[in-house]
Amino acid sequence: MAAATGLSPTLAMLAGRNLGVDNGSSLNSGSEDPKTPENRKETKVGKPPRHLSVIRHSVNAACLDFDFASLALISPPEEQIGFLPVFRSGSCSEMGPKPYMEDEHVCIDNLIEHLGASMKFSSPGAFYGVFDGHGGTDAASFVHKNILKFVLEDSHFPASVDKAIKSAFIKTDHAFADSHLLDRTSGTTALTALVFGRSLLIANVGDCRAVLGKRGRAIELSRDHKPSCNSERLRIEKLGGKIYDGYLNGQLSVARALGNWHMKGTKGSACPLSAEPELQVTVLTEEDEFLIMGCDGLWDVMSSQCAVTIARKQLMIHNDPERCSRELVREALRRNTCDNLTAVVVCFSPDPPPRIEVSRSRVRRSISLEGLHILKGALDNSWGVGAGGRKGEGKSNQTVEKMGEAAEEGGEGGDEGMAALLKWAAHMGMSDSPWPPPTPSISSPVEPSSSSYCLGHTLFVSYFSEAGGRGLAASRDLAKGELILRVPRKALFTTDSAMADEKFASCVKRHRHRLSPTQMLTVCLLAEVEKGRRSRWYPYLVQLPRSYNTLANFTRFEVQAFHVEDAIWVSEKAVAMAKSEWKDAVGLMQNLDLKPQLLTFRSWLWASATISSRTLHIPWDSAGCLCPVGDLFNYAAPDEDGSPEMSDSKPETTGLSIQLLEHSSQEGTVHNADQPDGFMQRLTDGGYEENMNSYCFYARKRYKKGEQVLLGYGTYTNLELLEHYGFVLKENPNDRAFIELKAEVCTSSSWPRDSLYIQHDGVPSFALLCALRSWATPMNLRRTVGNRIYSGSIVSVENEVLIMKWLAKHCTDILARLKTTIGEDSMLSSTIDKMIDHPSCLSSTVVLPHVTELREFFEAHGLTLEVADYSGMPVKARRSLERWKLAIQWRSAYKKMLQGCVFYCENLICCLSSRHV
């Protein structure tokens, strides 16, 4: 071990003495520029995809020529040395839904005390680590026990700490390979944090993440090493590796890891799977409140900003990092994470985070004179008083009952109701006018005038019969990334807005621990509906759909119409979950004295479907918010690869949220003259922005005047779209067909079950091909040809022909077992269209091959096929027709994917056979 009688310049810098960067600045030791789009994290979340703007650290270009050691040569102002953090940590680990625990972590708040007399430092130090194992526990356990020892024993320590940490990661990896008692094929990601004084050094390999909480804002201090990231992809391909379906060589979902020596060459040789960490050093300031370190099980279901918001709220309540970490883990479990969970929370102060006070100057910038008049008008309820006096109140009661029962007719007033909504929205401060407002010009305005309506400058409401129905169209040519709509916070419907009523709030708080945030928002919506015209959001509420086609609304007949067991199971689960959540919330709704019709399961289905299909992410509530006018945008299917390219051909569509590359001199960042300014830095479609106190939406691509403006909710299969939003796409590049496989096929490789599927174009997924190739290989040869299989190469022509024949026959057998063919589904779908749109033109005596299914439908609704009066069909039955048609569309698309797979296999067999001859 290197002697440590005094502090080297580098360690002195770590201890907070010779600080060479501004407060809040940091240095990424990798060559990649964190501001480039390819190095941004690509996100996909369950539902809805909600991610607030995340600030990434950047460093002044003048510092890029210095490495970690030479930064100590730059002298800082003396006043920067005053703050010295105090370390307090807490951790929590849960197995989650997996059958065993593979995570490890370490928390050392007092490094000097931990090391004893062996090391001496003049400033307090701490060490933390999270290690997410895979393929067994051996690698994570070994790294957890040895990584700090290798850092301290490295010859570079303490003269060059960055080199010591990099070397320690490599030595730990090599030592694990040399251990004959451990499984060398197991692996782990590794995230460590070494702190001395005010200096924090993060080292990362894999997809664990470190996030700094800076006065309520999330600052990511590590980058997820995913194979799909452009910088990692280039490195992998340069070294001869391949990426299939986001997996490195078809096996790992990370591009860097320790262990996994079956995927690496000899020690010291370059290989696609790297164990070299990325380093980032940050100088802590008084604004830096805490650090969150977590495995991917946490970040798969939670954005960085969401985690910081939850942690800060908890710390303000009890100031206990241990309880805070437990709450993060619980929240991830509530969001149905699919992995082990580990969260470490490190506080840098003995005091809880202070309440954030908004400066007066910021308030003045956030509201205009016109907005001030609108606010006064809202407080006086001048806009909410109907001209009809008590007559209007009577109408309000009727509307309450209609909405509470999920009435059968549409929103109030049709076009008049929409005009009232847009006028109300303008009063609330919503606008599609440019920001900041342009200088008045002599060009003719676009009608309607924004003085009366919130739309007109950029967008207008239109109807798109073949693309989602009612939506928003461009009223002029729009540039990609341009701000197109602002919805102020006061117009958002949230749990907090409903809690402004003290009586309501006191009742809700007694039940808050029993209900999820989404259930709470659903109850708040029903309570707001009961107010009728007295509600602040009345013009918005009466425009909401009266029914939804989400899976929870499907009847037994409609569920069985899927014909595929996987889809039937998902649908039944959605219905059961909705009933369970309703039963949990009934007690609260009764205590609130809601009207009987609002207590029914039918009303709950309507409200919960509204929340599921229309909410957007906000940083202060994981349930999200309802955004009037903003929820009129229709869905755009993301590109298949989902890569965040800046070109129009591959727009980023990770959800109704935006990640910005913010440029702030206060954070020590600088503008790059080579990068486009303003909105061209934006990667996704929208998000809540604190500086504007509004939810802001941006054009995801260029639009011509009159084109429908779309937003991406994320990458979903058609079944997922149906479950959460109530529709399917005719052409969905993200759709998948899961097929029943033999147990020996699934166990022949380590692929997870959800990676074995047929893609929308009929091509088997990479994982499915690998599993089949391994299954078709004799057991005694699998180890020999394993590298070929997992690199994507065929084992042999005979092997490939064998699995193609088996897969083609298997898909053909599945299609034969299904009750209907693609052609019959098409005919039935056309018949349903006629029953919905032109019932008088449809003869009930027509002979159809699907007459049995038609008869089952009519019997389910108490009707008879032979004497059915299509024109007089009840509204309930007509809506059931719509859901039945959606089930038919889904099963038809499923069959087309299987049929496409048969064609793919047969063509490949012909090609291989001709070459073999």
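Sequential numbering from 5 applies to the sequence shown in the numbering used here. A virtual CB, placed ideally from N, CA and C, is assigned to each residue, including glycine.
Q) Is it buried or exposed for VAL801, if we count other Cβ within 10 angstroms and need 16 for buried? A) exposed
Q. Is THR614 buried or exposed, if buried means 16 or more other CB atoms sit within 10 Å of its CB?
A. buried
Q) If we count the other Cβ atoms within 10 Å of its Cβ and call it buried at 16 or more, is PRO162 buried or exposed? A) buried
Q: With a cut-off of 8 Å on the beta carbons, I'd call VAL548 and MET593 a contact; round off their distance for me.
A: It should be noted that the sequence gives Leu, not Val, for residue 548. Not a contact, Cβ separation roughly 19 Å.
Q.
For the beta strand (DSSP E) containing MET297, name the first residue and the last one.
A. 292 to 298
Q.
Quick check on the DSSP output: what are the complete alpha helix (DSSP H) runs of length 4 or more inside the stretch 682 to 725, in order along the chain?
A. none
Q: Go to GLU534, then tell me how far its alpha helix (DSSP H) extends in each direction, as first and last residue.
A: 521 to 534
Q) Should ARG787 be labelled buried (16 or more other beta-carbon atoms within 10 Å of its own) or exposed? A) exposed
Q: Flag this pair as yes or no: are the beta carbons of GLU106 and GLY140 separated by less than 9 Å?
A: yes
(Q) Mapping the DSSP letters down to three states, classify SER754 as helix, strand or coil. (A) coil
(Q) Suppose the cutoff is 7 Å on Cβ atoms and the five residues either side in sequence are ignored; what does the same chain contact list for LEU603 look like? (A) VAL590, MET593 and GLN594
Q: Select from LYS823, ALA881, GLY250 and MET877 the residue whose C-alpha is nearest the C-alpha of ILE892.
A: LYS823
Q: Within its chain, find whatever has a CB closer than 8 Å to the CB of LEU726; leave out the 5 residues flanking it on each side and keep chain order.
A: ASN553, THR554, LEU555, VAL732, LEU890 and TRP894
Q: Please classify TYR729: does DSSP put it in a helix, a strand, or coil?
A: coil
Q | Beta carbon of ILE151 nearer than 9 Å to that of THR189 | A | no
Q: At 3 residues or longer, and completely inside the stretch 249 to 335: list those beta strand (DSSP E) runs for me, N to C.
A: 282 to 287 and 292 to 298
Q | Residues that VAL209 bridges to, as DSSP identifies them | A | ALA194
Q.
Am I right that GLU108 and HIS138 are in contact with their C-beta atoms under 8 Å? What's the rounded C-beta distance?
A. Not a contact, Cβ separation roughly 12 Å.
Q) Over what stretch of residues does the alpha helix (DSSP H) that includes CYS815 continue unbroken? A) 801 to 821
Q | Stretch-stretch touch, CB-based, cutoff 8 Å, three pairs: the stretch 85 to 102 with the stretch 345 to 357 | A | yes
(Q) So LYS102 and ASP343 are supposed to be a Cβ contact under 8 Å. How far apart are they, rounded? (A) 6 Å
Q: Mind the definition here: the stretch 192 to 201 touches the stretch 289 to 305 only if three or more C-beta pairs lie below 8 Å; say whether that holds.
A: yes
Q: Measure from the alpha carbon of SER746 to the alpha carbon of each residue in ARG490, HIS814 and PHE561, then state which is nearest.
A: The identity of residue 746 in the sequence shown is Lys, whereas the question assumes Ser. Among ARG490, HIS814 and PHE561, the Cα nearest to that of LYS746 is on HIS814.
Q) What residues in its chain sit with their C-beta under 6 Å from that of ALA478, if we drop five residues either side in the sequence? A) TYR707, LYS709, GLU711 and VAL713
Q: Determine contact between the stretch 458 to 477 and the stretch 632 to 641, defined as no fewer than three beta-carbon pairs at a distance below 8 Å.
A: yes
Q) Would ILE807 be called buried (16 or more neighbouring beta carbons within 10 Å of its own) or exposed? A) buried
**Q.** SER257 versus VAL209: straight-line alpha-carbon distance, rounded
**A.** 13 Å
Q. GLU828 lies in the alpha helix (DSSP H); which residues open and close that run?
A. 826 to 841
Q. Which residue or residues does DSSP assign as beta-bridge partners of HIS109?
A. VAL134
Q. Can we say the stretch 284 to 296 touches the stretch 241 to 249, given the rule of at least three CB pairs closer than 8 Å?
A. no
**Q.** LEU902, buried or exposed, once every other Cβ within 10 Å from all chains shown has been counted against 16
**A.** buried
Q: Report the rounded CA-to-CA distance for SER226 versus GLU748, giving the unit in angstroms.
A: 39 Å
Q: Could you check what DSSP says for ASN638 in three-state terms: helix, strand or coil?
A: strand
Q.
My output table needs one value for HIS621: the three-state DSSP class, helix, strand or coil.
A. strand
Q | Endpoints, alpha helix (DSSP H) assigned at TYR794 | A | 783 to 794
Q. Skipping 5 residues on each side, what residues in its chain have a beta carbon closer than 6 Å to that of PRO357?
A. GLU293, ARG316, LEU319 and MET320
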